[in-house]
Amino acid sequence: MDTSGLAPRRAAHHLLQQVTTEGRLLSELIGAGVLDHLEPQDRARAQRLATDTLRMLDRADRMLKPHLRQTPADHVMNALRLGTVELGQGEAAHGVVNAYVEIVSRNPHVGRLKGLTNAVLRKIAAAGPDKWNAMAQPLLPGWLRQPLVVAWGRSDVAAMEAVQAVAPPLDVTPKGDAGAVAAALGGKILPTGSVRVAGAGQVSQMPGFDTGDWWVQDAAAAIPVQLLGDIAGLSALDLCAAPGGKTMQLAARGAVVTAVDNSATRMARVGENLRRMGLQADVRTDDAFDVTGQWDVVLLDAPCSATGTMRRHPDLPYAKDGSEFGDLIAQQETMIDHALTLVKPGGRLLFCTCSLLPDEGEVQIEEALERHPALTVDRAALDRPGIDPAWITPEGGLRLRPDIWADIGGMDGFYMAVLTKPA
0 MDTSGLAPRR
10 AAHHLLQQVT
20 TEGRLLSELI
30 GAGVLDHLEP
40 QDRARAQRLA
50 TDTLRMLDRA
60 DRMLKPHLRQ
70 TPADHVMNAL
80 RLGTVELGQG
90 EAAHGVVNAY
100 VEIVSRNPHV
110 GRLKGLTNAV
120 LRKIAAAGPD
130 KWNAMAQPLL
140 PGWLRQPLVV
150 AWGRSDVAAM
160 EAVQAVAPPL
170 DVTPKGDAGA
180 VAAALGGKIL
190 PTGSVRVAGA
200 GQVSQMPGFD
210 TGDWWVQDAA
220 AAIPVQLLGD
230 IAGLSALDLC
240 AAPGGKTMQL
250 AARGAVVTAV
260 DNSATRMARV
270 GENLRRMGLQ
280 ADVRTDDAFD
290 VTGQWDVVLL
300 DAPCSATGTM
310 RRHPDLPYAK
320 DGSEFGDLIA
330 QQETMIDHAL
340 TLVKPGGRLL
350 FCTCSLLPDE
360 GEVQIEEALE
370 RHPALTVDRA
380 ALDRPGIDPA
390 WITPEGGLRL
400 RPDIWADIGG
410 MDGFYMAVLT
420 KPA
């Protein structure tokens, strides 16, 4: 039996199992080394296959449904999903079918279903990529789609899903001249100053990585710090700093930066990136609520549902179920109140979340203004290059969604607002 490519497919199957049955995140799994046993090429293939399948999971399930009397055990269903996506992408049927039959047959609990696996995948192969490509775009799981439809409407959510069904390009933030970075990487400068690179390879091998000319950061995530304008010489606290993109932005703009996060591992990575970029910051591992002192600027990129990052992390809708939303929203409220105690009189709090849920964005600012009537929203901060007035919300923040710039790859979902403390 031809089982070429079995190792990366088995690894992709393991990743998919962990996400869909154990609620694990791909970043967590890969960070824990589950792919370290593979050669670099196979490691990249396994990660790409798992990610593609999660991005297309709804379409794969609809493609499979006519061929299944009932949903088989997770181990089998995930093998069928992976095989369906590969066949839809035009992979050779012989190798795909044999590999997933082998993966199913090796499991003593479901090995008897290898015949079902073979039969179903051969029917999918017979339908071919044409039928796959003709199917409707994948939908988000209902637990997440429903609140998004309530917030934005069906047509807008469908527009977001269309963007999230396509693997996104790579965005980087230049440390200095964006034109030089774009030329070196073969990228394009976006209206807000980020550089977008299509078809990027291994990041660490790209020109300018080792020399600290740029760092990876979605264009949406790069906008919040821009709202602060000229911060050279000001003291700035990044209260939830990891993974460090905004810390580096603050430092590159000349602020005297203190970066805090409660994860020692993640903060070690922030320190490594600062050194690679030749930037300075006081890096501390601490709980945000234990931080004392006062700064001119406090950046609170609060823990949130991360629903805005699904185009880059398609595992999120399948690893989570929304049960943590209430706790996160309550935590954000208390973090805003604590962060305000760290802002000097006349200073500013920059609040942001990578969420598509208004309860984690617009509503948080509305309620913060009710709790702290002396606060003002700095609407003038939104007058920046590349900022579309249509993104500005009634309370004075910015709402970014995946369907913005859809024709060039979209952007992450984000919310942000700048609050000024009375002098």
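Each residue of the sequence shown is one higher than the one before, starting from 0 at the first, in numbering that gives the first Met the number 0. Just so you know, even glycine gets a beta-carbon here, dropped at the ideal spot from N, CA and C. Values in this document were obtained by computation on a predicted structure and should not be read as measured data.
Around the CB of K130, fewer than 16 other CB atoms lie within 10 Å, so the residue is classed as exposed. Going by DSSP, T257 is part of the beta strand (DSSP E) stretching over V255 to D260. Contact annotation: D73 and Q16 have beta-carbon atoms nearer than 8 Å. Between the region 330-340 and the region 205-213, the count of C-beta pairs closer than 8 Å stays below three; the two stretches do not touch. Setting aside the 5 residues that flank it on each side, I335 is surrounded in the same chain by L299, F350, Q363 and A367, each with a C-beta closer than 7 Å to its C-beta; the list follows chain order. Closest by C-alpha distance to D170, out of P206, A221 and W142, is A221. Looking at the DSSP output, S234 bridges to V255.
Secondary-structure assignment with DSSP links L399 through a beta bridge to F413. Counting along the chain, the unbroken alpha helix (DSSP H) around V156 starts and ends at R153 to Q163. Among the bridge pairs identified by DSSP, W131 is matched with none.
Along the region 266-320, the alpha helix (DSSP H) occurs as fully enclosed runs of 4 or more residues at 315-318, listed in sequence order.
CA-CA distance, P128 to P388, rounds to 41 Å. Taking a C-beta distance under 8 Å as the contact criterion, L238 and V290 qualify as a contact pair. Counting along the chain, L349 sits inside the beta strand (DSSP E) bounded by residues V342 to T352. The alpha carbon of A263 has as its nearest neighbour, out of D295, T246 and V282, the alpha carbon of V282. Out of D358, L34 and E27, the CA that lies nearest to the CA of R9 is found in L34. About 15 Å separates the beta carbon of L53 from that of L63, a gap too long to meet the 8 Å contact definition. Between G408 and T191, the alpha-carbon positions lie close to 15 Å from each other. The shortest CA-to-CA distance from K174 to any of G22, N272 and I403 is the one to N272.
Within 10 angstroms of the beta-carbon of H12 lie 16 or more other beta-carbons, which makes it buried. Residue environment analysis places D406 among the exposed positions, since fewer than 16 neighbouring C-beta atoms fall within 10 angstroms of its C-beta. Under a 10 Å Cβ-count criterion, G412 is classified as buried, with 16 or more other Cβ atoms of the shown protein chains found around its own Cβ. With a 10 Å radius around the Cβ and a threshold of 16 neighbouring Cβ atoms, D286 comes out exposed. Closest option to L381, judged by alpha-carbon separation, among A235, Y414, I123 and A373: Y414. In the three-state scheme derived from DSSP, where H, G and I count as helix and E and B as strand, I188 is classed as strand.
Per the C-alpha coordinates, the member of A6, D60 and A59 positioned closest to R44 is A6. By the Cβ-count criterion, G200 is exposed, with fewer than 16 other Cβ atoms from all chains shown falling within 10 Å of its own Cβ.
According to the DSSP assignment, V194 belongs to the beta strand (DSSP E) that extends over V194 to V196. Annotated three-state conformation of I386 is coil, per DSSP. Listed in chain order, the alpha helix (DSSP H) runs fully inside the region 50-90 are 56-63 and 73-87, counting runs of at least 4 residues. Judged by their CB atoms, M159 and R58 are not nearer to each other than the 8 Å cut-off. By a beta-carbon distance limit of 8 Å, G292 does not contact R268. Their separation comes to about 24 Å. DSSP links V171 through a beta bridge to V194 and V215.
T246 sits in a helix when the DSSP states are folded into three classes. Around the C-beta of P372, fewer than 16 other C-beta atoms lie within 10 Å, and the residue is accordingly described as exposed.
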